[in-house]
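What follows is a single structure, written as structure tokens, with notes after it.
Protein chains: 2
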Amino acid sequence: MGAKTKKKVYFVGVDLGATKILAGVYDSRLNFIGKAKLSTKANRGYREVVRRIARCISDAIDECEVSLKQVKAVGIGAPAAVDPDTGKVIFAPNLNWKNKPLRDDLQVLIKRPIQVDNDCNVCALGVYEQELTPKPKSMLGIFLGTGIGGGIILNGKLHHGFNQTAGEIGHMLINFDGPETTWGSRGTFEMYAGRQSIYRAIREAIAKGEKTVLTEMLGPELKDLRSGDLRKALKRDDALVRRIVHDAAVATGIVVGNMVNLLNPQVIALGGGVMEALSKEMMPVIQETAPRHALPGTIKGIRIFASKLADYAGIAGAAVLAKRLSQRQ
Amino acid sequence: MGAKTKKKVYFVGVDLGATKILAGVYDSRLNFIGKAKLSTKANRGYREVVRRIARCISDAIDECEVSLKQVKAVGIGAPAAVDPDTGKVIFAPNLNWKNKPLRDDLQVLIKRPIQVDNDCNVCALGVYEQELTPKPKSMLGIFLGTGIGGGIILNGKLHHGFNQTAGEIGHMLINFDGPETTWGSRGTFEMYAGRQSIYRAIREAIAKGEKTVLTEMLGPELKDLRSGDLRKALKRDDALVRRIVHDAAVATGIVVGNMVNLLNPQVIALGGGVMEALSKEMMPVIQETAPRHALPGTIKGIRIFASKLADYAGIAGAAVLAKRLSQRQ
Chain Y
3 MGAKTKKKVY FVGVDLGATK ILAGVYDSRL NFIGKAKLST KANRGYREVV RRIARCISDA
63 IDECEVSLKQ VKAVGIGAPA AVDPDTGKVI FAPNLNWKNK PLRDDLQVLI KRPIQVDNDC
123 NVCALGVYEQ ELTPKPKSML GIFLGTGIGG GIILNGKLHH GFNQTAGEIG HMLINFDGPE
183 TTWGSRGTFE MYAGRQSIYR AIREAIAKGE KTVLTEMLGP ELKDLRSGDL RKALKRDDAL
243 VRRIVHDAAV ATGIVVGNMV NLLNPQVIAL GGGVMEALSK EMMPVIQETA PRHALPGTIK
303 GIRIFASKLA DYAGIAGAAV LAKRLSQRQ
Chain Z
3 MGAKTKKKVY FVGVDLGATK ILAGVYDSRL NFIGKAKLST KANRGYREVV RRIARCISDA
63 IDECEVSLKQ VKAVGIGAPA AVDPDTGKVI FAPNLNWKNK PLRDDLQVLI KRPIQVDNDC
123 NVCALGVYEQ ELTPKPKSML GIFLGTGIGG GIILNGKLHH GFNQTAGEIG HMLINFDGPE
183 TTWGSRGTFE MYAGRQSIYR AIREAIAKGE KTVLTEMLGP ELKDLRSGDL RKALKRDDAL
243 VRRIVHDAAV ATGIVVGNMV NLLNPQVIAL GGGVMEALSK EMMPVIQETA PRHALPGTIK
303 GIRIFASKLA DYAGIAGAAV LAKRLSQRQ
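Those sequence lines, one after another, are chains Y and Z.
The opening position of the first sequence corresponds to residue 3 in the working numbering, with each subsequent residue numbered one higher.
The opening position of the second sequence corresponds to residue 3 in the working numbering, with each subsequent residue numbered one higher.
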């Protein structure tokens, strides 16, 4: 007995998405122990989603034979503008939430300390913690998913900005003379490299009569189109998909170059579902494009890489939030 | 006698430009005392410019009845990539310098502690110190001169980045489908709002047969064209100048919007010779354009303003460098 009975402590990291909730259990040194997954059911409203987050946390710790008492703190990444000081979700368009006290409402259910932050900030923190040794002084994470977001880490800490909204790199305008699209404002990074925009560009091209193997694979409506289908189409050397993925990679390379000039971070990490599926095709183009847009001498020694964490970035980063919270308390 | 004989101390801030050197004398609370000016004569080579910086400092303190012994430290802003830790100029294209140990070489001549930094970083520091009370947590300075540069201040300190080159906002690509120009790479912020690009756009338009009062004012070659002439042409409602200055302001507004999304600084200050001459015309366009490119909720409460320091930004900021250096020693 003796030392052996010393209670082990854990941190839980939650990645709250518009369609699914992931909860990961990490030990005190942030080693991954196990996880659980639950659909979000955002349509059922805020209260129900809060209950489902609590349930997903319960499922995850149950899976790992950990009791709630052993959980020192919980971190949450939300697809939203978040006030990290109060744990309030200011605005979450994909959940249809405005001014929701997520931290306090969840605390009533799980009675543990909770830290909430923006999902892309949290993913950046996950990459920083799990993939980088030694720690760089500064890191920018760029996450290409349905939309595009970013997270800025300076001296090991997230940079939140005045309105807590820093890192919205998807809305960087990079082409103000760009062609009109039938969706939203034109010329932003997200319009070229976000999944939604990539899918729309493909559908528009098909509507204009362009050919692609995707219609063979999925039917003329491209039902259930996923990033993985684009990879399959590229393997079959599909010209349309190749062009659109190439354009997305060029846009990403331009933004990386802009950020080398502007923030000059030591590391730029690329992640998100689009990168997860297409990093092999996109990274060479990004690596070639960025230096052409960076000033001489500015990009030397800066590491630009594709994160391998995939879904684990969000839960790992949220666990970092939890651990940091417990260290402050 | 007694307390009165306590020696007063001063800081000297130097703004090293491609054509002129300015040295300002500041008291221990960074109140401006006086200044001197000398042409740079960059064509005479590095050694001579270092001697001229020393001479300009001597002239300034002599003007203010201050002895070199009373100068606690000297700060210098150079038009260059600078390593602030070593005081080395890494690369100064407009002075034709590469890897010059400016701090050490000047120290031999003036025997005072010296801190060197990039000129736009230094101007940002000057605006932060002299124009903002209380101090914001974060500030971005954007300086529109011959070219365009920026300086990022986070928690009161300059953000230098991994290669010490952060803040190069003039090279942000904002229009990758933009029309070809006959000069340099297309589509960067500097191509729309830098003085050199504005002048070139005007000259190109004249070559294509467009009319402007500038040719009446200065002759067909636009000899000695200055930012002030653009202001005069606007007063006479010159359509060509109006269009080009408007385009410059729109580009600036887009970049301000991009930065609100990305860095979300509490304050964005605009300065430099172009703003000094044209802020009345450009600021309303910038103030109107930026919010259209910022995401909902991100720009609220952020102050966007035109610095009134003009030439004093550089020397005041360099004096801040000097004071901070003396506080560290």
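Ideal placement from N, C-alpha and C gives every residue a C-beta, glycine not left out.
{"query": "Length of the line joining the Cα atoms of Thr135/Y and Asp85/Y", "result": "29 Å"}
{"query": "Expected contact under 8 Å - CB spacing of Glu278/Y and Ala312/Y to nearest Å", "result": "5 Å"}
{"query": "Proximal residues to Pro103/Z (C-beta, below 6 Å), its chain only, five neighbours per side dropped", "result": "Lys90"}
{"query": "Whole-angstrom C-beta distance between Ile154/Y and Ile112/Y, which should lie under 8 Å", "result": "Incorrect: roughly 30 Å between the Cβ atoms, too far for contact."}
{"query": "Chain Z contact for His248/Y (CB, 7 Å cutoff)", "result": "no"}
{"query": "Under the three-state DSSP convention, the category Arg305/Y falls into", "result": "strand"}
{"query": "Ala126/Z in three-state terms, based on DSSP", "result": "helix"}
{"query": "C-alpha gap between Gln331/Z and Ile116/Z, whole angstroms", "result": "11 Å"}
{"query": "Where Met174/Y meets chain Z, residues with beta-carbon distance less than 8 Å", "result": "Asn260, Asn263, Leu264"}
{"query": "Inter-residue spacing [alpha-carbon to alpha-carbon] between Ala38/Y and Ala315/Z", "result": "56 Å"}
{"query": "Any C-beta of chain Z under 7 Å from that of Phe307/Y", "result": "no"}
{"query": "Closest Cα partner of Ala62/Y within the set Thr42/Y, Gly15/Y, Leu97/Y, Gly273/Y", "result": "Gly15/Y"}
{"query": "Whole runs of the beta strand (DSSP E) within the stretch 246–270 of chain Y, excluding any shorter than 3 residues", "result": "none"}
{"query": "CB contact check: Ile39/Z to chain Y, cutoff 7 Å", "result": "First, the amino acid is wrong: residue 39/Z is Lys here, not Ile. Cβ-Cβ to chain Y under 7 Å: no for Lys39/Z."}
{"query": "Ser60/Z - DSSP class collapsed to helix/strand/coil", "result": "helix"}
{"query": "Own chain residues within Cβ distance below 7 Å of Ala296/Y, not counting five before or after", "result": "Gly259, Val262, Asn263"}
{"query": "In DSSP terms, what Gly273/Z is bridged to", "result": "Phe145/Z"}
{"query": "Proximity to Val247/Y [Cα-Cα], best of Leu323/Y, Val287/Y, Ala308/Y", "result": "Val287/Y"}
{"query": "Alpha-carbon spacing of Ser69/Y relative to Gly152/Y, whole angstroms", "result": "34 Å"}
{"query": "Top-ranked residue by Cα proximity to Leu108/Z, from Gly319/Z, Glu50/Z, Gly158/Z", "result": "Glu50/Z"}
{"query": "Residues bridged to Lys90/Y (per DSSP)", "result": "Asp85/Y"}
{"query": "Selected residue, minimal CA-CA separation from Ile204/Y, among Tyr130/Y, Gly180/Y, Gly19/Y, Ala241/Y", "result": "Ala241/Y"}
{"query": "Backbone secondary structure at Thr167/Z - three-state DSSP", "result": "coil"}
{"query": "CB contact check: Gln268/Y to chain Z, cutoff 7 Å", "result": "yes"}
{"query": "Where the beta strand (DSSP E) through Phe191/Z begins and ends", "result": "Counting along the chain, Phe191/Z falls outside any beta strand (DSSP E), though it belongs to the alpha helix (DSSP H) covering 191–195."}
{"query": "Pair within 7 Å by beta-carbon distance, Gly79/Y and Asp17/Y", "result": "yes"}
{"query": "Local Cβ density within 10 Å of Gln166/Z, reported as buried at 16 or more and exposed below that", "result": "buried"}
{"query": "Pairwise C-alpha distance: Val11/Z and Thr217/Z", "result": "51 Å"}
{"query": "Through-space distance from Gly149/Z to Gly172/Z, alpha-carbon basis", "result": "7 Å"}
{"query": "Residues from the stretch 124–156 of chain Z in contact with chain Y, defined by Cβ distance under 9 Å", "result": "Pro138, Lys139, Ser140, Gly152, Ile154, Leu156"}
{"query": "For Lys9/Z: DSSP bridge partner residues", "result": "None, per the DSSP bridge assignment."}
{"query": "Beta-carbon contacts of Pro267/Z that lie in its chain and below 6 Å, excluding the five residues immediately before and after", "result": "Ser140, Met141, Leu142"}
{"query": "Val124/Y and Cys66/Y closer than 7 Å at C-beta", "result": "no"}
{"query": "Local Cβ density within 10 Å of Thr21/Y, reported as buried at 16 or more and exposed below that", "result": "exposed"}
{"query": "Helix, strand or coil at Gln331/Z according to DSSP, with G and I counted as helix", "result": "coil"}
{"query": "Under 8 Å from the C-beta of Ile256/Y: neighbouring residues of chain Z", "result": "Leu175, Phe178"}
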